[in-house]
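Asker: Sequential numbering from 2 applies to the sequence shown in the working numbering.
Every residue, glycine too, gets a C-beta built ideally from N, C-alpha and C.
Structure below; questions to follow.
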Amino acid sequence: MKGIRIVLAISWTLIALGAFAVFGLSDDKSDEEKNSEKTAEECEIPAFAKAIGHEDLWLQHNGCPPREEAQEEDEK
């Protein structure tokens, strides 16, 4: 009976440590705020994305503003 308690305690400890390792304790929103400003070079659409017509998807995936907003900022 005592052996079962030890096995259960060890297994729960490993489960808890695994959950912390996978999900972590930090807030992921802090990373997004740091990288919110992109330079024009970082948001330049590469040729392969233009060739397949995925300009908007590429911008969205890389955290760049949509093309309409980028054009409005350039006009200012």
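Could you tell me whether the Cβ atoms of isoleucine 46 and glutamate 56 are closer together than 8 Å?
Answerer: Yes, Cβ-Cβ distance for isoleucine 46 and glutamate 56 is below 8 Å.
Asker: Closest to alanine 41 by C-alpha separation, out of Phe24, Cys65, Leu58, would be which residue?
Answerer: Of the listed residues, the one whose Cα sits closest to alanine 41 is Cys65.
Asker: Got a sec? Which residues, its chain only, sit under 6 Å from threonine 14 by beta carbon, not counting five neighbours each side?
Answerer: Nothing listed; no residue qualifies.
Asker: Output the boundary residues of the alpha helix (DSSP H) element that contains isoleucine 16.
Answerer: Unbroken alpha helix (DSSP H) run through isoleucine 16: 3–24.
Asker: Comparing alpha-carbon positions, which option in Ala52, Phe24, Trp59, Lys51 lies nearest glutamate 43?
Answerer: It is Trp59 whose Cα lies nearest to the Cα of glutamate 43.
Asker: Please work out which residues of its chain come closer than 7 Å, Cβ to Cβ, to serine 12, disregarding the five sequence neighbours upstream and downstream, and give them in chain order.
Answerer: No residues qualify anywhere along the chain.
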